[in-house]
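Worksheet for the structure shown next.
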Amino acid sequence: MRTLALLSAYAGALALGTYQTFYPTFDTGFANVQTERGDGMLNHLILENSWLALSDPDYRGTLATAPFFFPERYTIAYSENLFGSAPVYWALRLVTGHELAYAWWQIVCTALNFVALAVVCRWLRMPHALALTGAFVGAFAVVYADQIKHAQMIPRFYSPFVVYYAIVLVTEAEGKAKALNRMLGALFLQCLACVYTGWFLATGLAVFFPLLVALRPGSAGELRAFAVANKRRVGGILLLWAGAMLALFVPYILVNFGVTRTYEECYNLFPTPSAWFTGPKDARWSETLAQVRDPAPYECLLFSGFALYGLILAACVHLPLIGRDRRGPLWPAAAAALVTAALWVLFTMPASQTGESLWRVVRLIPGGNAIRVVSRVYVTVYLFGTMGMLLWLSSVLERPGLGWVRIALVPVLALLVWEQTGYHQESFSRKDFYPFVDQHAETLRGGDAGYVVPRFVDGEGLVSTGAYGEVFSMWVGMRANVPVVNGYSGRWPNDFPQPEGGALSDNELQVWLAGRYKGRVRRVDSEFPGVSSEVVIE
1 MRTLALLSAY AGALALGTYQ TFYPTFDTGF ANVQTERGDG MLNHLILENS WLALSDPDYR
61 GTLATAPFFF PERYTIAYSE NLFGSAPVYW ALRLVTGHEL AYAWWQIVCT ALNFVALAVV
121 CRWLRMPHAL ALTGAFVGAF AVVYADQIKH AQMIPRFYSP FVVYYAIVLV TEAEGKAKAL
181 NRMLGALFLQ CLACVYTGWF LATGLAVFFP LLVALRPGSA GELRAFAVAN KRRVGGILLL
241 WAGAMLALFV PYILVNFGVT RTYEECYNLF PTPSAWFTGP KDARWSETLA QVRDPAPYEC
301 LLFSGFALYG LILAACVHLP LIGRDRRGPL WPAAAAALVT AALWVLFTMP ASQTGESLWR
361 VVRLIPGGNA IRVVSRVYVT VYLFGTMGML LWLSSVLERP GLGWVRIALV PVLALLVWEQ
421 TGYHQESFSR KDFYPFVDQH AETLRGGDAG YVVPRFVDGE GLVSTGAYGE VFSMWVGMRA
481 NVPVVNGYSG RWPNDFPQPE GGALSDNELQ VWLAGRYKGR VRRVDSEFPG VSSEVVIE
């Protein structure tokens, strides 16, 4: 009976969080898609491209080259490849169409975030109440739910295992080789799922691991002895995962060689003090806090409630006060995790969106100069901050004679969960995107190459141009199975023309394709359904 009750509690928390996060999808019977029409639909295109590359022998794209920015090769390296979470999408595509598969991919990946953190919390011998609460926050906190608009940020289910195996590697006497292998394997898989989250996880681990070793007496000597006694095995593990990382990142390095983000390109994308106290529309405390802080940009809505911040602050204050003789075996892990979270707040936080910060130095870490949305450091801050707080609470609850703490903790945890509810989730009707794509794909179908004017008007009269229009055009090309010159991603190919009037002229197409392609380009304009023209490239 106890097992059934516990499973019911976990299932109930998972169901509550899933509905709260995806209510626009569920309440409309999956008629709405819960994302935005730029990054969100680009991520869907990348997932569908990988499925078609594997399942359709006639498809003109590949795993490495999606059919946009024609005739460039290896175009996936302009963006995320999503290979670490794509198998979830592929499994869904076996049983449903591309529209529903994307909605369910979002839901399943979010559920996996919950399961991963719950499993790790229990492996760390936390009480079920803490494991359940931690998993809820780790999957459904407002900051995570808001980032569904950038779907590449959803799959984070490898990250808790990186932290767990780092702790095992340092604190356990046995199984260090297995822990090292699994820690690096989980880190690689998180990078494979999303380069952004992988980079911030790796740099977070680079702070957390040495802190953990330093805070646990004797750990450095134990690790040194282990490495000496197992040279070949340790060397093999390091070579294996270094090779895997090279295989993942070399295409990105080659395709984007010489391309960097300047510090100034990160303006309005920094996690300022105001950003850490700003949540999405209708989030708890949003009206109250709006009176005492500056507005934060769209990408910098990082607040997930006072209860979580309060518990993390309490852990930071109480942990150093615990006497050495009363510190449990996981005290170093809790302290290292909290310091890691604090340092990454410090490393990335300017006083204003155009101010100076330590990011100017930190961005020199390999890969850092490719980061533009610095506010995505929240994945590191919340992961390590939450883990540190949970480890601290777990150690406090283990001490005898503190029954009052358990009682006092109930309303605090209830408040923590409540603060993750009530916000407004963006969505739009599927019928305002996919049918329009298929309509114009019929006009493009059969062409050797294509260009779609990056503008369309949906059934509600909403005009999409710019990035939204380009992503729409890329979808038209993919559905028509015709590579298109259109493209949108983190960057453009070198010498790619930037249209002044919103669309490339025939002459601009000829200049771009000269020496790259000979043949005909079919031009489609959504304002003239069923009509196309041909541009000849000599």
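Numbering (UniProt numbering), first residue to last: 1 to 538. For glycine and all other residues, C-beta sits at the position ideal for the given N, C-alpha and C. All of these numbers come straight from a predicted model, not from anything done at the bench.
inquiry  = Tell me the residue span of the alpha helix (DSSP H) that contains residue 449.
reply    = That residue, residue 449, is in no alpha helix (DSSP H); its beta strand (DSSP E) goes 449-452.
message = Considering Cα atoms alone, identify which of 472, 58, 69, 78 is closest to residue 195.
response = 78
8 angstroms Cβ cutoff met for residue 105 and residue 47 = yes
request  = Please confirm if residue 213 has its CB atom under 8 angstroms from at least one CB of chain C.
outcome  = The chain labelled as chain C is not found in the depicted structure, where only one protein chain is given.
Simplified DSSP state of residue 107, which is helix, strand or coil = helix
task = Take residue 42 and list the residues in its own chain whose beta-carbon comes closer than 6 angstroms to its own, dropping the five residues that flank it on each side.
result = 471
inquiry  = Here's the rule I'm using: 16 or more other beta-carbon atoms within 10 Å means buried, otherwise exposed. How should residue 407 be labelled?
reply    = exposed
ask   = Pick from 296, 483, 93, 519: whose alpha carbon is nearest that of residue 66?
value = 483
ask   = In angstroms, rounded to a whole number, what distance separates the CA positions of residue 6 and residue 115?
value = 14 angstroms
request  = Please report the residue range of the beta strand (DSSP E) in which residue 534 lies.
outcome  = 532-537
query = When the Cα of residue 522 is compared with those of 528, 513, 536, which residue comes out closest?
reply = 536
key: Proximity winner among 13, 22, 35, 107, relative to residue 468 (alpha-carbon distances)   = 35
inquiry  = Rounding to the nearest angstrom, what Cα-Cα distance links residue 543 and residue 465 in this structure?
reply    = Nothing about residue 543 can be read from this structure; the chain reaches only from 1 to 538.
ask   = By Cβ distance, which residues of its chain are closer than 8 angstroms to residue 534, with the 5 residues on each side in sequence left out?
value = 520, 521, 522, 523
query = Where do the N-terminal and C-terminal ends of the alpha helix (DSSP H) with residue 372 fall, by residue?
reply = Residue 372 -> no alpha helix (DSSP H), and no H or E assigned at all.
key: Candidates 242, 438, 269, 180, of which the one nearest residue 480 by Cα   = 438
request  = Assess, as a yes-or-no matter, whether the segment 262-269 is touched by the segment 277-285 under the definition of 3 or more beta carbon pairs within less than 8 angstroms.
outcome  = no
inquiry  = By the three-class DSSP mapping on this structure, what secondary structure does residue 482 have?
reply    = coil
key: Cβ shell of residue 209 (< 6 angstroms), same chain only, five flanking positions each side left out   = 166
ask   = So is residue 477 buried or exposed if we call it buried at 16+ other beta carbons inside 10 Å?
value = buried
task = Give me the Cα-Cα distance between residue 63 and residue 312, rounded to the nearest whole angstrom.
result = 42 angstroms
query = Between which two residues does the beta strand (DSSP E) carrying residue 519 extend?
reply = 519-524
query = Which whole-angstrom value describes the C-beta separation of residue 164 and residue 228, a residue pair presumed to lie in contact below a C-beta threshold of 8 angstroms?
reply = Actually they are not in contact, since the Cβ atoms of residue 164 and residue 228 sit about 25 angstroms apart, beyond 8 angstroms.
key: Closest residue to residue 541 among 457, 508, 28, 462 (Cα-Cα distance)   = In the structure as shown, the chain starts at 1 and stops at 538, and residue 541 therefore has no counterpart that could be examined.
Assigned exposure category for residue 182 - 16 Cβ within 10 Å defines buried = buried
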